[in-house]
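A.B. asks:
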Amino acid sequence: MKNKLVLGICIVFLLSTISGCGVSDNKKDIYSSMYTDNEKIAQKSENHTHTTYNISNNSDDDIEFQYGGFSGVDTIWILKSKDDEEITLDYDSKVNSGDFKAVLVNPEKEVQDILEGADQGNKTIKLAKGEYRFKLVGNNANGKVKLSIAQNKNVEIESALK
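In case it helps, mature numbering (1 follows the signal peptide of the UniProt record, and there is no 0) puts the sequence shown at residues -21 to -1, 1 to 141.
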């Protein structure tokens, strides 16, 4: 009787361990699939996972983000344009492995790719009146990125990092 009880407990433990691993892999697959899904990228909700995650927030308009095992979508900035304006983004992206990109979601929930993979430079981006979300998107990505936006008095820049 005692052996059957021990065997039963072992089986329950083994099954729960196996099913727990499947949930983790399933979640990772869901986050990885977001990389090419603009509808999911455009959502306001935060859906991401990472093994290492370090953000240096020098100011609301200047960040450095080091990441490992990053999959999903993370909002960095919320931009509120008072009128038709332009912003200039300086960037330096180094990707060691996986897929990484930065995107801008406009008020109509359309996604514009700003940078993808390893890249360095600057980009002038036209904004119409409204609220935009600047997001980082990864698919099992490892690397780091530095981003800064030149000040524009008619565009309010709010850090979305908590």
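Think of the CB as a built atom: it goes at the ideal place given N, C-alpha and C, for glycine as much as any other residue.
Whose CA, out of V134, Y32, K19 and A139, lies closest to the CA of E64?
C.D. replies: Looking up residue 64 in the sequence shown gives position 85. That would be V134, whose Cα lies nearest to the Cα of E64.
A.B. asks: Closest to V124 by C-alpha separation, out of Q45, G100 and K61, would be which residue?
C.D. replies: Mapped onto the sequence shown, residue 124 falls at position 145. For the residues Q45, G100 and K61, the minimum Cα distance to V124 belongs to Q45.
A.B. asks: Taking contact to mean at least 3 C-beta pairs separated by less than 8 Å, is the segment 66 to 81 in contact with the segment 100 to 120?
C.D. replies: Yes, since at least three Cβ pairs between the segment 66 to 81 and the segment 100 to 120 fall closer than 8 Å, the two stretches touch.
A.B. asks: For D78, which beta-bridge partners are listed by DSSP?
C.D. replies: Counting from one through the sequence shown, the residue named residue 78 turns up at place 99. Beta-bridge pairing links D78 to N118.
A.B. asks: Under a three-way DSSP split, which group does N36 fall into?
C.D. replies: The residue you call residue 36 lines up with position 57 of the sequence shown. Strand.
A.B. asks: Between which two residues does the alpha helix (DSSP H) containing E18 stretch?
C.D. replies: Taking the sequence shown and counting its residues from 1, one reaches residue 18 at position 39. First-last of the alpha helix (DSSP H) with E18: N17 to A21.
A.B. asks: Relative to the C-alpha of Q99, which residue among N121, K73, V90 and L83 is closest?
C.D. replies: Residue mapping note: residue 99 aligns to position 120 of the sequence shown, counting from 1. Checked all of N121, K73, V90 and L83; the closest Cα to Q99 is K73.
A.B. asks: Note down the Cα distance separating K132 from N26, rounded to an integer number of angstroms.
C.D. replies: Residue mapping note: residue 132 aligns to position 153 of the sequence shown, counting from 1. Residue mapping note: residue 26 aligns to position 47 of the sequence shown, counting from 1. Looking at the two C-alpha atoms, the distance is approximately 31 Å.
A.B. asks: When burial is assigned at 16 or more other CB atoms within 10 Å of the CB, is D92 buried or exposed?
C.D. replies: For the purposes of this step, residue 92 is taken as the residue at position 113 of the sequence shown. Exposed, by the Cβ-count rule.
A.B. asks: Going straight from the alpha carbon of S60 to that of P86, what length do you get?
C.D. replies: Numbered from 1 along the sequence shown, position 81 holds the residue referred to as residue 60. Numbered from 1 along the sequence shown, position 107 holds the residue referred to as residue 86. The straight-line gap from Cα to Cα measures roughly 10 Å.
A.B. asks: For K59, report the span of its beta strand (DSSP E) as first-last.
C.D. replies: Taking the sequence shown and counting its residues from 1, the one referred to as residue 59 is at position 80. D41 to S60 is the extent of the beta strand (DSSP E) around K59.
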